[in-house]
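J.: Taken in sequence, the protein lines are chains E and F. Numbering of the first sequence is given in my numbering, commencing with residue 1 and proceeding in unit increments. Numbering of the second sequence is given in my numbering, commencing with residue 1 and proceeding in unit increments. We put the beta carbon where it would ideally sit given N, CA and C, even for glycine. Remember, predicted model here, so these are calculated numbers, not experimental data.
2 protein chains.
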Amino acid sequence: MYLNLDGEGPAYQQLTRAFKAAILDGSLGGGTRLPPSRALAQELGMSRITVLSAYDQLRAEGYLQSRVGSGSYVSELQLTPPLRPPKATPTVIRSRYAERAVLHAIRPTYRAHQGLRFELQFGETQLTPPLNNAWGRELARAASYTSLERTSSWGLPALREQVCRYLANRRGVQADPADVMIVSGSQQAFGLAARVLLNEGDPVVMEDPHYFGAWRAFAAHGAELQAVRTDDEGLVCAELPEVPPRLIFVTPSHQFPSGPVMSLPRRLELLRYAETNNCWIMEDDYDSEFRYDSQPLAALRSLDEGDRVIYVGTFSKVLFGSLRLGYMVLPAVLREDFANARYLSDMGGLAVEQAALAHFMESGAFERHLRKVGKALKQRREVMLEGLRQHAGDRVRVNDSPAGMHVLAWLPGYDHAQLDALIGYAHEHGLGLYPVAPCYQQKPAIPGLILGYCGLPDAELREAMRLFGACLDAIDARRHEPV
Amino acid sequence: MYLNLDGEGPAYQQLTRAFKAAILDGSLGGGTRLPPSRALAQELGMSRITVLSAYDQLRAEGYLQSRVGSGSYVSELQLTPPLRPPKATPTVIRSRYAERAVLHAIRPTYRAHQGLRFELQFGETQLTPPLNNAWGRELARAASYTSLERTSSWGLPALREQVCRYLANRRGVQADPADVMIVSGSQQAFGLAARVLLNEGDPVVMEDPHYFGAWRAFAAHGAELQAVRTDDEGLVCAELPEVPPRLIFVTPSHQFPSGPVMSLPRRLELLRYAETNNCWIMEDDYDSEFRYDSQPLAALRSLDEGDRVIYVGTFSKVLFGSLRLGYMVLPAVLREDFANARYLSDMGGLAVEQAALAHFMESGAFERHLRKVGKALKQRREVMLEGLRQHAGDRVRVNDSPAGMHVLAWLPGYDHAQLDALIGYAHEHGLGLYPVAPCYQQKPAIPGLILGYCGLPDAELREAMRLFGACLDAIDARRHEPV
C-alpha cells in the first residue's frame, strides 16, 4: 500500500493525513478493506498504537467504516466531480463596501515612512523611557481584580466615571457616565457613527482640509462627502450646503491639519445650522490636551444645548498608539442605537485594559503623564520651529498653532511635482515627510507638508531639521540644473 | 453683577461657566464692560488670580475682547434665535442598519438570567480558581517587552504563528500565518464578513437551528437569511436553495445547538455545492477543543481545496469571556478585503493581550489549561446527565453530544406556553434556563432548553438539577389544577 507521509508532526497525524488524501483522490477506493493494524505497523515501521490511533480518527471522521469481526473498510463516498484540483480559484464578488474600501485604502499614505530614522509622523508621542513598565504594572494589578466576565458594550463603569471627571475638569463638558461609551479608538467611533446614522449615499460634510482617516471611514460606508472651506476661524459655516447633510464632522479645538481654533461665533453658527436642519455633529477632539498658550479650551460639546454633538476623544495620542482606547459622549437619544451597533460590532472592549486605565487616571498618574508629555511636546515644537527657521528659512511658510503635535509647512516657491521629488529624496536619506494634499478634497494650489514633532526627541529633531534643509538644497539645485 | 456659581469644581472654572451662561443667554449683553478683576474678586470673595484666570479663559475662547488700556468687553455674538432652550430634542432618523439592529437586538435573550445563582449559560467555562493571577502575570510580562506601537490589522505575528501551530496540531488545518487574522472575538469576524461579502439584500444560508448571535449579525447588515434543516448528520445539503446564497454559515464540528457532527459525505456535498455555485462558507468552530469521545475532528477547512472556507475560531470559550480574542483563516483572495475592512473598523487589536496569549500558548500553559478545562467539562456533563436522569426522568429527552458545553433537552410532554411558565418559575427560584426556540427560523413543534453545564462547579450543578426537577414538578402540578 502506498501512502504519502509528509513528515510533518506526530506519526499518527501523518498517517491520518496520508490516508485521507488517498481516500479523497480515489486511489484508495470505497469498500477497500484496510490491512490489520499489526501488519500495517510492521510494513511502515511504526508502532501498532500509531496505526490504531489513525484508524480511530479516520473512523470518527467517517473515512472508514467498521464491520464487526471483519475489520475496517474505506467508506463509499461521492467523490466526483473531484474536489482536487479545484475547478478554479474562487471568483470574488466584492460588496459595495469592499469596493469602496479598496478605493480608499488608507495605508499607502499613513506611516509610509515607517522604519526611517527621522520619521516626522504626527499623532503618537514617543517618550524615552517608554511607558512599558508603568503600564505593565497597571495591567497586572488590574488583572488581579478585574472580573474575567464580559464588559458591557458601554465599557467599564469605573473608566466611564474617570472620563466624565476628566471632561468636566479639562474640556468643560458635563457628561453623565450613561452617555459615555468607551471605544477601541476613534476609528471605531467613526465606523459606528457611519453605520448608525448613514445609509449609502447620505451626505456628510467635513472641513477642508480634514483628517483623511475619518474621510475614508465615511466614504467606505458609502457617504456622499463634501468638504467645506476653513479659514483662520475654522469651518466657514456660511458655506454649509443648502441641502443639509446628515452629519457634520469637525475638529473645533484644533483644526486638523491647518491649526486654527473654531471661533465662538462660528461654533454658535454651526450649532444653529445643525438645530435648524436636524443634523448631527461629530466633534473629533483629537489632541486638545496639548495647548501651549493657554488652558485647554472648552469643547464644542460644552455649548451643545440641543444635544446634537457626538463628542469623540482618544487616549491613543496621549498614552501610546497601540492602547487603542477612546470614548464618545453620546446624545441621549442615540444611546440605544450605538449600544446595539457596538454589540454587533465586537460586543465591547477588553475589561483589563479599561480597568488599568481607570486606575491610572484615578491615581493621578495620568495627569502627571499629561504634564510630562505636554512639556516634552512644547519643547519639541520650539526645536522644530527654530530648526525650520535656521535650515529652511523662507522656503517654508509655517502655519503655526500653539498646540498639538505638528505644524503645517507650506512651500510657496515649489509645485506639487517638486514636493513629491522632495519627499522621495528625503525618504532615501532617512527622513520621512508627509504631504498635506491628501487632507484636501481639492488639491491646494501651494504644496505643503504636515511636520510632526512628537515622534523624536530633541536632538534627533534638530538633526531632522538640518537634514530637511539639506534635502531642500538638493531639490533647489536640481531646479537650476540645465534641462 | 449677578453670576450663578454652581459650586462644582475649582473656583475659576465655576466663574468661567457662570460668565459663559450669562453671556450666552444674553443677560450679560454684547459690549458690556467687565469690572476690573480686583473689584470683582472683592465682590465675590474670591482671589484676584481666580478672576484673572477666568478672564483669560473667556478671552481665549472668544467670549471677551480686550481693548488696550480699557479692560475687557463682552464679545458681540449672534445669539438669536436662542440656542437655549433648544427648539426640540433632535429627531432621530435611523439608518436602515440601525433599524435592523433594533429589530434584532440581542440582549433580551442572551444572559437573561445573569446574576442568578444557578445560571445555566452556555459558552463561558467558570473555573475555580479563576485565571486572574496567571493571566495578570502574562500581561505584565508581555507589557514589558511589547512595542507600544500599533499592531497591524492582522494582529501580532507571534500569535498568528501560534494559531497556525495549534490548527495544524488539533484541527488538521494547514494554515500560513499570512492567512490568519486575529480578531476581537467571533462577533467581529461575523461583522467583517458581512461588510466585505454582502450587500443589503444578499442571501445567506444558516443551519436550522443556528447560533442566534450570528443570525442577528448578518440580519443587521441586511442579509436575506434562510435556515436550512439539519439532521443527525448536520446540514441537509440536498435542501440547499437553487438560488445560491453568497455565504453559507455552518458549525460542522458540533452543530449548535443540536449537537451532531457534520458527516464526511455532507462536508463533501457542501464543498461541491459551494464550488459549483461560487459561494463562500463560514465555518464557526466555536467549541471544537472539547470532545469527550475521541480526538478533535478535523475542521471542514482541512478539506477545503477550493479555498472557499472562512474558518473562525475563538479563545473566549476556552479561556474567559472578557478576553475577546479569536481568529480567522482567510481564503487568499479575500486577504486584502478583510484587511481593509479591519483597518476601517478599529485598525486592529491590542498588542499586549496578543503577546500575552502568544506566550501562554508557546509555553505550553494553554495546552495544560485546555486539558484542565476539558476534564472539568467532561465531569460536569456527567453530573448534568445524571442529574437530569434522576430529577427530570422521562419528562426530558436529551440530545446528548459527547462534546462542548451544553446539552439540548426537549420536553415532548409540554407546549411552548408551559415552557415559558417553567422558565419564569425557575427564574424566580434562582435557576436560569434558556429556550432553544430563538435558534430556529421556525419555532420547533416541541419546546426545548439549551442547558449549559460550563458555568457551575459540580456541587452547584447537582443542586441546579435538583432544582430543575422541582420546577418541573411545580409546573406539572399546575397542569393538573382545576381551571
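Can you find a CB in chain E that lies within less than 8 Å of the CB of Thr32/F?
T.: no
J.: For Gln188/F, which residues in chain E fall below 9 Å Cβ to Cβ?
T.: Ser345, Asp346 and Met347
J.: Quick one: give me the first and last residue of the alpha helix (DSSP H) that His359/F is part of.
T.: Ala351 to Glu362
J.: Round the Cβ separation of Asp202/E and Ala223/E to the nearest angstrom and send it over; I've been treating them as touching at under 8 Å.
T.: 6 Å
J.: So Pro257/E and Leu408/E are in contact, right, with Cβ under 8 Å, and what is the actual spacing, rounded?
T.: Sure, about 5 Å apart at Cβ, within 8 Å.
J.: If you measure between the beta carbons of Ala376/E and Leu127/E, is that distance less than 8 Å?
T.: yes
J.: Measure the beta-carbon distance from Leu268/E to Leu77/F and round it to whole angstroms, keeping in mind my assumption that it falls under 8 Å.
T.: 6 Å
J.: Short check: CB of Tyr211/E to CB of Cys439/E, under 8 Å?
T.: yes
J.: Measuring straight from C-alpha to C-alpha, what distance separates Ser184/E and Ser363/E?
T.: Rounded to whole angstroms, Ser184/E to Ser363/E spans 23 Å at the Cα level.
J.: Can you name the start and end residues of the alpha helix (DSSP H) that Thr486/F belongs to?
T.: Residue 486/F is absent from the structure shown; chain F starts at 1 and stops at 483.
J.: With a threshold of 8 Å between beta carbons, is Arg160/F in contact with chain E?
T.: no
J.: Could one say the Cβ of Pro244/E lies closer than 8 Å to chain F's Cβ atoms, at least one of them?
T.: no
J.: Establish whether the CB of Leu357/F and some CB of chain E are separated by less than 8 Å.
T.: no
J.: What is the DSSP secondary structure of Met405/F, reduced to helix, strand or coil?
T.: Correct three-state label for Met405/F: coil.
J.: Taking C-alpha atoms, which residue in Phe122/F, Ala219/F, Leu159/F and Arg96/F lies nearest to Glu200/E?
T.: Arg96/F
J.: Ser401/F and Pro265/F: beta carbons closer than 8 Å?
T.: Not a contact, by the Cβ cut-off of 8 Å.
J.: In chain order, what are the residue ranges of uninterrupted beta strand (DSSP E) at least 3 long that sit wholly in the region 189-218 of chain E?
T.: As far as the region 189-218 of chain E is concerned, its whole beta strand (DSSP E) runs of at least 3 residues are 203-208.
J.: For Val180/F and Ala298/F, what's the separation of their Cα atoms in angstroms?
T.: Between Val180/F and Ala298/F, the C-alpha separation is close to 18 Å.
J.: Report the option in Glu207/F, Arg17/F and Asp473/F whose CA atom is closest to the CA atom of Gln255/F.
T.: Glu207/F
J.: Could you tell me which residues DSSP puts in a beta bridge with Thr314/E?
T.: Looking at the DSSP assignment, Thr314/E forms a beta bridge with Gly326/E.
J.: DSSP state of Asn278/F, grouped into three classes?
T.: coil
J.: Which class does Ser144/F belong to by DSSP, given the choice of helix, strand or coil?
T.: helix
J.: Could you name the residues of the region 57-69 of chain E whose beta carbon sits closer than 8 Å to any beta carbon of chain F, in the order they occur along the chain?
T.: Taking 8 Å as the cut-off between beta carbons, the residues of the region 57-69 of chain E near chain F are Gln57, Ala60, Glu61, Gly62 and Tyr63, in sequence order.
J.: Whole angstroms is fine: what's the gap from Gly531/E's alpha carbon to Leu116/E's?
T.: In this structure chain E extends from 1 to 483, so residue 531/E is not present and cannot be described.
J.: If you measure between the beta carbons of Arg389/E and Leu472/E, is that distance less than 8 Å?
T.: no
J.: Taking only the alpha-carbon atoms, compute the straight-line gap between Glu353/E and Ser72/F and give it to the nearest angstrom.
T.: Taking the straight line from one Cα to the other gives about 46 Å.
J.: Could you tell me which uninterrupted alpha helix (DSSP H) segments, each at least 4 residues in length, are contained entirely in the region 36-77 of chain F, listed from first to last along the chain?
T.: 37-44 and 48-60
J.: Assign Pro447/E to one of two classes, buried (16 or more other C-beta atoms within 10 Å of its C-beta) or exposed (fewer than that).
T.: buried
J.: Please list the partners that Thr151/F has in chain E, where partner means a Cβ-to-Cβ separation under 7 Å.
T.: Under the 7 Å cutoff, chain E gives Ser322.
J.: Within the 8 Å Cβ cut-off, does Ala21/F reach chain E?
T.: False, the Cβ-Cβ gap to chain E never drops below 8 Å.
J.: Just list the residues that DSSP pairs Gln379/E with in beta bridges.
T.: Answer by DSSP bridge pairing: none, since Gln379/E is not bridged.
J.: Going by DSSP, name the residue or residues bridged to Met181/F.
T.: Met328/F
J.: Against chain E, with Cβ distances strictly below 8 Å, would Tyr286/F count as a contact?
T.: no
J.: When you compare the CB of Arg478/E with every CB in chain F, is at least one pair closer than 8 Å?
T.: no
J.: Suppose the cutoff is 6 Å on Cβ atoms and the five residues either side in sequence are ignored; what does the same chain contact list for Phe190/E look like?
T.: Ala214 and Ala217
J.: Report the residue from Arg38/E, His416/E, Gly136/E and Trp410/E whose alpha carbon sits nearest the alpha carbon of Ala451/E.
T.: One point to set straight first is that residue 451/E is Leu, not Ala, in the sequence displayed. When each option's Cα is compared against that of Leu451/E, the closest is Trp410/E.
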